[in-house]
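Sequence lines, in order, name chains A and B. To convert a position in the first sequence, counted from 1, into this note's numbering, add 52. To convert a position in the second sequence, counted from 1, into this note's numbering, add 1224. Note that beta-carbon positions come from the ideal geometry of N, C-alpha and C, so glycine has one too. Comments concern the structure below.
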Amino acid sequence: MILAWLILIPFIGGMAAWLAGGRPARWISLAACAVQFVSALACWLSLGEAASPGGIVIEQRANWIPAWGISVHLVMDGLSLILVLLAGFLGVIAVVCSWREIQTHIGAFHFSLLAVVTGVTGVFLARDLLLFYFFWELMLVPMYFLIGLWGHERRIYASVKFFMFTFVSSLLMLAAILGLVFIHQRSSGSLTFDSAELIRTPLAPAQAAWLMLGFFLAFAVKLPAVPFHTWLADAHTEAPTGGSVLLAGLLLKTGAYGMLRFALPLFPASSLSFSSVAGVLGVVGILYGAVLAFAQTDFKRMVAYSSVSHMGFVLLGIYAGNEIALQGAVMQIVSHGVSTGALFFLAGSIQERTGTRDLQRLGGLWQIAPRLGGMTMFFALAALGLPGMGNFVGEFLVLLGAFKAFPVLAVLGSVGFILSTAYALRLVQESMRGPNHERWQLNDLSARELTALGIMATVILWLGLYPRPLFLAARAPLTLIEHAVPRATETAADISEPPKRRPR
Amino acid sequence: MTSADILALLPLVIVAYGAVVVLLVGAFWRNHTAAATICLFTVVAAFISLFTVAPLAPRQITPLLRIDTFALAYMGLFLLGALTIIIFSHGYLERTELASEKYYGLFLLAVSGMLVLAASTHFVSFFVGVEALSVALYGLIGYAVRRPSSLEAGLKYLVLAGAALAFLLFGMAIVYSEFGAMGFAAFRGGMPGAQGWTPLVPLGIGLIIVGFGFKLAAVPFHTWAPDVYQGAPAPISALIATGSKAAVFALLIRFSSAVALQDHASLVMLVQVLSIITMFGGNLLALLQRNIKRLLAYSSIAHIGYLFIPLLAGGKEGISSIGFYFVSYFITTIAAFGVVSVLSAGNSEAEDLDGYRGLGLQRPWLGAALALTMLSLAGIPLTVGFIAKLYIFAAAAHSGLWALLVIGVVNSGLAAYYYLRVLATLYLHPSRAGVQWPDTDPASMVVLATLIAALVFLGIFPTPLIGLALYASGLSLP
């Protein structure tokens, strides 16, 4: 039952928080996320490295809609474990960073927050495709309300845009799921939505290509891959701090997870022939996202576009497909979740104190708030990929792995390192250094903020200096994914032609 | 006709006599609540009688009617729907000062028409059912005589029903001229398969389908719907959107399985085109509506478009998915119109969407109820609407209707936009200064709460309803 509890704990906590309201809601939510995080951690520690061949596996199955072969099939392997840990961790952070920002409808806010965490956790654990889709859509409505009710100036526009992009793309995935299920039924005679069964469906190449595209579109919008990224900047910028943390830290990751878990293993052959396109999209994302980030004057918008760039690395890594690149992608997922979460946290702290996120109005904050300055510097360095921090490990491994599959793309992608240095340093320069035009007078980070950011900084350093536990946990599932794709060496050479599309 | 035949017709008999009793009692004792109570008990008694009738199914009663599990399940749905609408009507009529006992006589007449349609296997019973339903609806739609929009809507519906009837009768005449019989059995028995049909037959059936199209408000025969929904009293809008449509659709299912619709390329093409333009038409026209009743009208047009997909799929999957969809659609649409009628008072209805601003925060329960109905209509998980949509899309996938499936999926995405706008109005916009929502009546609120509970429960545990939908797919031909 532990896996079901991992999903239910945040939900029950959210209901309790809603009923309690006010100050108790904050504590209840904090406790719920902490309990989820600790129970996931306990799973990891109790099973340790003595893992079965498929990774750390806890499997649970119960009937849900037997008439259609839909079951509550939950599996936790190393990959799911890492991401559930991330969900619990960022859940705690999201509650902490909303502590003073949210003053209206406190109970409902925390319910929405925890409902998103519930949906995300479900996505990371579900193996039944319909259950997966169920959780996938479950995240949407609470996130819509988080942006729309507690967001900033253009919140309604941003929330509708977010909803429509994700909803339409996931409906295409639903069509693809149904297609796959009925093709499977025709060939095997049994109606099931369980991905463990569907993985063996014999598909004609044309069928596989269409179905794969349905899945890929849903995941690419969530990731987001260029050209489906336009919802992201608005949603991240207008969301309240806690919402931005969850969006950047968790929701984007569900896209990457979906590709790893479903798009690649279910449609190995067509994914392989598609991989050069996906790789090009990834590199375009890296470069274009970085250029866009450099051009922004809004703190949150800059961080939002930097996510497009960083998730480009993830896309490149996933479709490069060898173990090094996949490990890099997972590492990048985790480090980006933590470091970008921290940057949004800082953006929230700054906005709370100054009332603005405009980089042209900020400046000179370091002198008056040295801890704020130091933390911003630290996480900006993490974002630009300084060695010793988790992001460097992730991006470096992705490029290393991608170089084997598509050398030209890897070379182009590595330019992203330079561009990210440019925007990250500009972020620190314009917000923290320089003259204090507006004569800001503000309190430095409080103990609450400093503790949360300190823990996040520790995690980033841990990932950068001793990433081994993470690699070990992710190894077995990633090996399975790698071997699912029949990657012959000569095909790898064939598809490594230069990208046809140049970054805008 | 044996006594067992009469027993099998018990639900219909009870409702028909109920209508007479309501009118007779009204002649001596004019009391609104008493009439509503009699009406309520009639519907409940008819519903209970379904269980005594069930062991007799399937049974052909004269060439006109057939009581099979399909008919029984749809009758049950109509009666339960009518039950909720009666309770909403009582509170609504009290608040809007329209209270009068005649309403319930007409209401029961409409319900009896719906019951006839669910069991009809003959052009004559088809015609009688449609007429009983339509004649009662003329009166009910124009019931709010002090509102010009209500009278206008009644008149519009009269003209539309006349047009639909003309198409139906002409189609029936052509089919009769070819087969010399009016029972649906003739299509199978009279001539084997499609090869034996002269070109005149598809023409006649096509005209009948156009008549159906008018009644179901399929595009391009939909233009009456928004005006009628807007003008009619809110509970009657709910009745037109749900019972009236589902009854005609149930007959359409029976009719198309009798003519083996899937085997005739020209008919398949006709329904396909109707389906596609109805989905797109309904959803595109709904996008910019600022009036919630008109928005629900266009939304219900689009939903009929979705339902044509499983109709084309046919078979057990198709027919059971339609049954499931209608249950979901009844729960959701009646609850949505229920919120509108609960908020209507005096001489005006709560139809302007701007009037709902901030409802979600000021009146959290009513707001949440309307929000959940919108999510269910959009097909978001945790609501029964999601499972219903999944069911019809699965039926489409099962029959290999990929193009229609993708078009349906695209339309669901499109539709989410306007449902989301209602959600935004409820929660994200500040409420209008000085807006006063009327006091609600407890009976309506209990019904609303039950509907919403069913909406969420069936969204999580749909298994019992799937079983019922399979029971309802027990369509048998004489």
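For L1652/B, the neighbours in chain A by C-beta distance under 8 Å run, in chain order, G200, L201, R207, I208 and S211. About 6 Å separates the beta carbon of P1662/B from that of R1319/B, a gap short enough to meet the 8 Å contact definition.
Flagged as an interface residue toward chain B: E189/A, by a C-beta distance shorter than 9 Å. Taking the C-beta atoms as reference points, G310/A is found no nearer than 9 Å to G341/A.
Each of A377/A, A381/A and A272/A was checked against the Cα of L333/A, and the nearest Cα belongs to A272/A. A86/A places its beta carbon 9 Å or farther from that of G171/A. Residue state for R485/A is assigned as coil, using DSSP reduced to three classes.
Under the DSSP definition of a beta bridge, M128/A partners with I110/A. S123/A has N115/A as its beta-bridge partners, per DSSP. In the DSSP annotation of this structure, R1518/B is not part of any beta strand (DSSP E); the continuous alpha helix (DSSP H) holding it starts and ends at I1516 to A1537. One alpha carbon belongs to Y1641/B, the other to L190/A, and they sit about 17 Å apart. When Cβ-Cβ separations below 9 Å define contact, A1612/B makes no contact with chain A. Rounded to whole angstroms, the Cβ separation of F1561/B and P1459/B is 7 Å, and the two are in contact under 8 Å. Annotation for R1581/B: no alpha helix (DSSP H) segment contains it, and DSSP assigns it neither H nor E. Taking 9 Å as the cut-off, the beta carbon of G389/A is found no closer than this to the beta carbon of A377/A.
From the beta-carbon of I117/A, the residues of chain B found nearer than 9 Å are I1611, F1685, P1686, T1687 and I1690. Distance from L142/A to S221/A at the Cβ level is roughly 23 Å; contact not present, criterion being Cβ atoms closer than 8 Å. Interface criterion not met: the Cβ of A114/A is under 9 Å from no Cβ in chain B.
Under DSSP, G1407/B forms a beta bridge with H1346/B. In terms of beta-carbon proximity, F267/A stays away from the interface with chain B, with every pair separated by 9 Å or more.
For A270/A, the nearest beta carbon of chain B is not closer than 9 Å to its own beta carbon. In this structure, DSSP gives L333/A a helical state, which the three-state scheme calls helix. Residues of chain B with a Cβ closer than 9 Å to the Cβ of F186/A are, in chain order, P1605, L1606 and F1610.
The beta-carbon of G231/A is placed less than 9 Å from the nearest beta-carbon of chain B.
With respect to the 9 Å criterion, A432/A and L497/A are not classified as neighbours on the basis of their beta carbons. Among the CB atoms of chain A, none fall inside 9 Å of the CB of W1589/B. The segment 65-77 of chain A and the segment 150-164 of chain A touch, with three or more beta-carbon pairs separated by less than 8 Å.
Three or more Cβ pairs drawn from the segment 192-208 of chain A and the segment 284-299 of chain A lie within less than 8 Å of each other, which places the two stretches in contact. Contact between G416/A and E482/A is ruled out by a C-beta separation of about 10 Å, above the 8 Å threshold. Check the Cα spacing between I251/A and each of V233/A, G241/A, G266/A and W262/A: the tightest is with V233/A. Distance check between L1382/B and each of S1358/B, I1398/B and L1594/B places S1358/B closest, using alpha-carbon atoms only. Residue burial annotation: R1514/B is exposed, with fewer than 16 other C-beta atoms found within 10 angstroms of its C-beta. Setting aside the 5 residues that flank it on each side, H236/A is surrounded in the same chain by L250 and T253, each with a C-beta closer than 6 Å to its C-beta; the list follows chain order. For R1290/B, the enclosing beta strand (DSSP E) starts and ends at L1289 to I1291. Cβ neighbours of P1282/B within its own chain (closer than 6 Å, five residues either side excluded): D1292 and S1700.
The DSSP-derived three-state label of Q1284/B is strand.
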